[in-house]
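Residue numbers (my numbering): 646 to 1060.
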């Protein structure tokens, strides 16, 4: 579909009928005077007093336990950049739709007019009692790291900046399964990360948590290799600065087992792919145009495994495989936070699920006769009906095991 035609269709989609994409509905009877007396005054005083005596009763008497806030300041919206909080609202509404569709989670978008970190953190802390979890979205680096850190420390509900950790979790699942296919050990592989923003840093950190050797990770930014010899590095980049005597991506990629691109189109070419180690993994995640076109990467060598961020190619690294189920699992055990153990559990659950037999209904949804684990099927498809139960349960169990859950595993997970 031509870009102009797609834009026209999208504008109609968002504006036809009632504008926007989400709404609020009552879920309890409200037809009679008695119904209303229970919903509001005087009956509502009962649950109010119960919660006043025990704040955890908010999970029993209100929507809190199934309500997530999708919060942004609009400083890093998709590929659109700093377009401001109001212009970010269609994206946040869309994220709320995805929470509901895939995770059964009620979500409400909140656009905060605050670019200052202190102001933003203060605003989110002030409204946090309303919600069971907070999904931070489209906040530019490096502020996003400080914002998330401070909110995680201050609040007793799950907080996650999805642009960081969502990408990291799905990319980690793809990495685990690519290594499973190639027989390589994660502690031995050489990884090149092109990009040094929120997603890149989070991915590199998660790869280390999975067992990758930090010394074998080379990060590149717009100025080339992030080396210890540079004097323009912030603390985040310095974390992955290398002592290797190289300066360019072309030099860094030679002999690498893994390329992760979270940067821009066209920075990788076929010659660079051919210079990588045997059975390399190329994750070219820039959208809508990846760091190297899928066809070019596949043409460069027969043994390459390719993942992109696009729906029209195999191995789409899509955050929707993660955030609805991560928050679902966290909410179901009233977790106080989303910690590293829960993120790793999600990545491993996704990897394990992809190695199992794929239901025919999933293949048919993508116009295929059959899907099976292999170079073109590293991670599950979005329509796999097993995702919610499997990933959410893994996250919930990790929350319990790591001591951040307030309640045991629900019976619905036990059968």
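Note that beta-carbon positions come from the ideal geometry of N, C-alpha and C, so glycine has one too. Note that the coordinates shown come from a computational prediction; the quantities given were computed from them, not determined experimentally.
When you compare only the Cα positions, how much space is there between residue i and residue j?
i, j, result
"residue 906", "residue 1004", "31 Å"
"residue 911", "residue 668", "40 Å"
"residue 798", "residue 789", "14 Å"
"residue 801", "residue 919", "49 Å"
"residue 950", "residue 915", "13 Å"
"residue 741", "residue 892", "42 Å"
"residue 777", "residue 753", "11 Å"
"residue 1039", "residue 969", "13 Å"
"residue 861", "residue 992", "21 Å"
"residue 703", "residue 835", "48 Å"
"residue 750", "residue 921", "42 Å"
"residue 857", "residue 787", "24 Å"
"residue 897", "residue 934", "22 Å"
In terms of DSSP beta bridges, what is residue i paired with?
i, result
"residue 754", "715"
"residue 839", "865 and 906"
"residue 961", "953"
"residue 929", "906 and 953"
"residue 939", "Paired residues: none, contrary to the question."
"residue 722", "726"
"residue 871", "In DSSP, residue 871 forms no bridge with anything."
Would residue i be called buried (16 or more neighbouring beta carbons within 10 Å of its own) or exposed?
i, result
"residue 1013", "exposed"
"residue 848", "buried"
"residue 930", "buried"
"residue 1057", "exposed"
"residue 1022", "buried"
"residue 1037", "buried"
"residue 722", "buried"
"residue 873", "exposed"
"residue 679", "exposed"
"residue 839", "buried"
"residue 879", "exposed"
"residue 865", "buried"
"residue 731", "exposed"
"residue 651", "exposed"
"residue 761", "exposed"
Please check the pair residue i and residue j, which I expect to be a contact at CB under 8 Å, by giving their CB distance rounded to whole angstroms.
i, j, result
"residue 785", "residue 720", "4 Å"
"residue 981", "residue 1033", "Wrong, their Cβ atoms sit about 22 Å apart, outside the cutoff."
"residue 744", "residue 713", "6 Å"
"residue 1041", "residue 978", "5 Å"
"residue 779", "residue 796", "7 Å"
Can a CB atom of chain C be found closer than 8 Å to the CB of residue i?
i, result
"residue 894", "The chain labelled as chain C is not found in the depicted structure, where only one protein chain is given."
- What residue ranges within the stretch 741-812 form continuous alpha helix (DSSP H) runs of no fewer than 4 residues, ordered along the chain? 762-772 and 788-799
- Item | alpha helix (DSSP H) runs contained entirely in the stretch 877-923, provided each spans 4 or more residues | 880-883, 894-897 and 915-919
- Would you mind listing the alpha helix (DSSP H) stretches within the stretch 1024-1058 that are 4+ residues and don't spill past its ends, in chain order? 1032-1046
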